[in-house]
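One structure is given below, encoded as structure tokens.
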Amino acid sequence: MNQAFGIVNFAGNHIQVDGLQDYRPVGAFSFLGRYRVIDFPISNMSNSGIDTIQVYIRRKPRSLTEHLGTGRHYNINSKRGRLHILYTESNMVSDLYNTDIAAYIENLDVIERVPYPYVVIVPSYMVYTADYSNLLQTHIDSGADITLMYHSVDNAKEKYLSCYTLDINRQKGVDSIQPNRGNAKNKNIFMDTYVMKKDLFLDLIHKAHKMSAMYSLVDIVDEACQELDVRAVPHRGYFASITDFRSYYDANMSLIDLKNAQNLFVNDWPIYTRTNDSCPTQYFDGSHVTSSVVSNGCLVEGTIENSVIGRGCVIKEGAVVKNCVISSDVVIGKGVHAENLVVDKHARLVRGKRVIAPPEKPGYIKRGDAL
Amino acid sequence: MKQNNMLAMILAGGRGTRLHELTKKMAKPAVSYGGKYRIIDFPLSNCANSGIDVVGVLTQYESIQLNSYVAAGRRWGLDAKNSGVYVLPPREKADANLDVYRGTADAISQNIDFIDSFSPEYLLILSGDHIYKMNYAKMLAYHKEHNADATIAVIEVPMREASRFGIMNTDETSRIVEFEEKPEKPKSNLASMGIYIFEWKLLRKMLMTDMKDPDSSHDFGKDIIPALIDDGKNVFAYKYKGYWKDVGTIDSLWEANMDLLDKNNELDLNDPTWKIYTEDVTTLPHYVGPKADINRAFITQGCVIDGEVKNSVLFTESKVAEGARVIDSVLMPGAVVEEGAVVQRALVADGIRIGKNAVVGSADSEHIELVAKRVKGEE
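From first to last, the protein sequence lines are chains B and W.
Start counting the first sequence at 301; every next residue gets the next number (the working numbering).
Start counting the second sequence at 161; every next residue gets the next number (the working numbering).
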């Protein structure tokens, strides 16, 4: 697909994932043990034949730049292709001004120099698989100015509360983009995924910049719905939006079921990630593991039930890990019972014998914490 | 090459006939081991971790897979400037007949021009089919310290097994005074590991002579090493302590995999300071289903387990369905054990499917059963 380049956008101000986001942007969150959230959008692009990819970072770049590296692990052509990591300027009066539009303005010349006529803009904080070459073709064939992707859900009252929704008319045209106010079950959740001509994209950036210093791309596209031909394409398959703590936990848990996972990890659509060269996981006498997803490099002596385990974790003798999402290099000590938790990287649960959160409100153990 | 002026050559032409079907279409160094590795990952990772930048891999038998596998030097970090993995199958040259490698020494002789192009001071010769972790930089330091002309890595083997190996007899300074290939009455238990460091200039001279010798079998163990010792050269034994395995048979390949199940196994693949690198495959983490029962196992990414796995090693993307039992066994990459099937004391080859309720291997067999063909189950 040598007609489009890709932009992986960051999570805006309205998205707040408590705990985890203090240490890194959502794109760099550990996901399903061996992945990071951003592996999904970038793999989608790479598999769709997009080999010029710009990743925008708003804050805390360390873990994300470390993970992305040169981008070679995403199977992007190392000569013709390019993974570009771009930053906003953070010396702003307030974080509120640190919008995606500000980031694009900051890197305008980089965008202008890309030789492709179309741009595909996707979020770094949503997990789904989609073929952007099909999306682009649909967009070109329809003659629309902008094409957006959405996912229809029937639980928008209690979920997707930090997402936008699309008002779609009968002609598949988009009338407006509204925040999800949680007032109806059935909604078309906007997947923050856009296709348009690069020139139009540049126009919109300038327009938004003039209009308001706090505008983001979604605001200006919402306005554009009045005068431009903005259409929507539905997405089918697995979709998760990592836009608050609960959705992060739920997305991980939902993929423990292999059937769900097969809706996300489809044939001939590899999801790439950075290898860690960890050895396989070792299970010892006394280990008891059911309904779980386990990454490489773990040493397991205890019990794991209905959990996601990251790379290089140690689950000691007599330990019980139940309904947990465990990041990499975590130690669950002898006899410790951990339940309904998200445990961040390098944490050690060794002394507290019972660390149990209520199932309706999973707990969070901070990065590197010793308990 | 800058790092220590030593170039490594890995002998990877061996066929490994005693591995039967496993090496029918693939050279022995390319055989899978330890869940996610291939045997040749070990010498290659050792080189990378020891600061060796240039590695030649001498291939011959069924080399297509092996050639493409090792050519991607990036996997082991051997891709910096002036660094690389070079695949060296026999090739036609202007002034000589095209010939296969007639022996281990001949394989090096036929690539003298390649080695010369890097003008190394030292040449490290390795075997592509051994499983071990070793810091060759330490061995080189030992070599220099002893002012040796050649240094041979040796490992102590049980005396009763010594007659299966090439045995080094040394004096009190570790200088090798005699070399005996598979001696009936071994005088020592120091077995050659097939790892040699040579002064390249000296070896080069010896190889030139060896090439012209019609009586030579062009082999390091049989010809070059004995000649060095007979010439009174300084040949030293470098004692290695640690895990080392030559997996020549199905039984020993199985056993080497089983070794990984021990909690404090000597190989310790989990050591962050000496990682073994391999191909990066894009698969999910392993999935453990609600009916799974896992005890003493070594399991890698891409596996899906919903049955019983005991005392077994599961390679990339192998599957154990509900109600199936895998005991004391090795499932190579992509092997599938369907519902209710039982696999016991067996090694199931790459991509082989064991059908529903089928039974392979048995608890009291003398040897490990190699399953290299699809086993039909109940329809």
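Note that the Cβ used here is the ideal one computed from N, Cα and C, for glycine as well.
Residue i burial status per 10 Å Cβ neighbour count (16 or more: buried)
{"i": "residue 311 (chain W)", "result": "buried"}
{"i": "residue 324 (chain B)", "result": "buried"}
{"i": "residue 446 (chain W)", "result": "buried"}
{"i": "residue 362 (chain B)", "result": "exposed"}
{"i": "residue 319 (chain W)", "result": "exposed"}
{"i": "residue 408 (chain B)", "result": "exposed"}
{"i": "residue 647 (chain B)", "result": "buried"}
{"i": "residue 478 (chain B)", "result": "exposed"}
{"i": "residue 270 (chain W)", "result": "buried"}
{"i": "residue 224 (chain W)", "result": "exposed"}
{"i": "residue 321 (chain W)", "result": "exposed"}
{"i": "residue 254 (chain W)", "result": "exposed"}
Other residues of its chain near residue i: CB distance less than 8 Å, five sequence neighbours each side excluded
{"i": "residue 487 (chain B)", "result": "452, 453, 456, 460, 465 and 480"}
{"i": "residue 240 (chain W)", "result": "213"}
{"i": "residue 512 (chain B)", "result": "519"}
{"i": "residue 338 (chain W)", "result": "328, 329, 347 and 389"}
{"i": "residue 523 (chain W)", "result": "487, 488, 504 and 505"}
{"i": "residue 560 (chain B)", "result": "538 and 554"}
{"i": "residue 665 (chain B)", "result": "641, 642, 643, 644, 647, 649, 655 and 671"}
{"i": "residue 297 (chain B)", "result": "Residue coverage of chain B in this structure runs from 301 to 671, which leaves residue 297 (chain B) outside it and unanswerable."}
{"i": "residue 449 (chain W)", "result": "464, 465, 466 and 482"}
Test item: CB-CB of residue i and residue j under 9 Å
{"i": "residue 391 (chain W)", "j": "residue 378 (chain W)", "result": "no"}
{"i": "residue 336 (chain B)", "j": "residue 367 (chain B)", "result": "yes"}
{"i": "residue 208 (chain W)", "j": "residue 582 (chain B)", "result": "no"}
{"i": "residue 527 (chain W)", "j": "residue 406 (chain W)", "result": "no"}
{"i": "residue 309 (chain B)", "j": "residue 400 (chain B)", "result": "yes"}
{"i": "residue 357 (chain B)", "j": "residue 365 (chain B)", "result": "yes"}
{"i": "residue 635 (chain B)", "j": "residue 613 (chain B)", "result": "no"}
{"i": "residue 538 (chain W)", "j": "residue 518 (chain W)", "result": "yes"}
{"i": "residue 625 (chain B)", "j": "residue 552 (chain B)", "result": "yes"}
{"i": "residue 611 (chain B)", "j": "residue 595 (chain B)", "result": "yes"}
{"i": "residue 418 (chain B)", "j": "residue 311 (chain B)", "result": "no"}
{"i": "residue 633 (chain B)", "j": "residue 651 (chain B)", "result": "yes"}
{"i": "residue 330 (chain B)", "j": "residue 375 (chain B)", "result": "no"}
{"i": "residue 357 (chain W)", "j": "residue 303 (chain W)", "result": "yes"}
{"i": "residue 322 (chain B)", "j": "residue 544 (chain B)", "result": "no"}
Which listed residue (the options) has its alpha carbon closest to that of residue i
{"i": "residue 528 (chain B)", "options": "B:550, B:515, B:500 and B:665", "result": "B:500"}
{"i": "residue 530 (chain B)", "options": "B:579, B:449, B:572 and B:568", "result": "B:449"}
{"i": "residue 589 (chain B)", "options": "B:556, B:663, B:579 and B:654", "result": "B:556"}
{"i": "residue 531 (chain W)", "options": "W:525, W:510, W:523 and W:422", "result": "W:510"}
{"i": "residue 413 (chain B)", "options": "B:372, B:442, B:353 and B:443", "result": "B:353"}
{"i": "residue 205 (chain W)", "options": "W:433, W:191 and W:513", "result": "W:433"}
{"i": "residue 426 (chain W)", "options": "W:380, W:470 and W:293", "result": "W:293"}
{"i": "residue 493 (chain W)", "options": "W:480, W:220, W:501 and W:302", "result": "W:480"}
{"i": "residue 385 (chain B)", "options": "B:398, B:355, B:397 and B:395", "result": "B:355"}
{"i": "residue 282 (chain W)", "options": "W:263, W:309, W:257 and W:305", "result": "W:309"}
{"i": "residue 350 (chain B)", "options": "B:421, B:491 and B:662", "result": "B:421"}
{"i": "residue 403 (chain B)", "options": "B:387, B:653, B:536 and B:321", "result": "B:387"}
{"i": "residue 609 (chain B)", "options": "B:575, B:576 and B:627", "result": "B:627"}
{"i": "residue 394 (chain B)", "options": "B:359, B:424, B:378 and B:523", "result": "B:359"}
{"i": "residue 344 (chain B)", "options": "B:498, B:317, B:471 and B:493", "result": "B:493"}
{"i": "residue 423 (chain W)", "options": "B:591, B:567, B:601 and B:575", "result": "B:601"}
{"i": "residue 438 (chain B)", "options": "B:617, B:535 and B:579", "result": "B:535"}
{"i": "residue 521 (chain B)", "options": "B:447, B:615 and B:599", "result": "B:447"}
CB contact check: residue i to chain D, cutoff 9 Å
{"i": "residue 539 (chain B)", "result": "Checking the listed chains, one finds no chain D in this structure; the protein chains it contains are B and W."}
Cβ-based neighbour list, residue i, same chain, cut-off 7 Å, excluding 5 preceding and 5 following
{"i": "residue 272 (chain W)", "result": "364 and 367"}
{"i": "residue 658 (chain B)", "result": "640"}
{"i": "residue 344 (chain W)", "result": "323"}
{"i": "residue 165 (chain W)", "result": "280, 281 and 282"}
{"i": "residue 616 (chain B)", "result": "601, 602, 632, 633 and 634"}
According to DSSP, residues forming a beta bridge with residue i
{"i": "residue 384 (chain B)", "result": "B:354"}
{"i": "residue 404 (chain W)", "result": "W:292"}
{"i": "residue 169 (chain W)", "result": "W:216 and W:285"}
{"i": "residue 488 (chain B)", "result": "B:452"}
{"i": "residue 467 (chain B)", "result": "B:476"}
{"i": "residue 528 (chain W)", "result": "According to DSSP, which records beta bridges pairwise, residue 528 (chain W) is partnered with nothing at all."}
Nonlocal neighbours in the same chain, by C-beta distance under 6 Å from residue i, ignoring five residues either side
{"i": "residue 467 (chain B)", "result": "475 and 476"}
{"i": "residue 489 (chain W)", "result": "472, 503 and 506"}
{"i": "residue 513 (chain W)", "result": "496 and 534"}
{"i": "residue 170 (chain W)", "result": "203, 217, 286 and 288"}
{"i": "residue 320 (chain B)", "result": "329"}
Residue i Cβ short of 8 Å to the ligand SAM heavy atom set
{"i": "residue 658 (chain B)", "result": "Among the ligands in the structure shown, none appear at all, so the ligand SAM cannot be discussed."}
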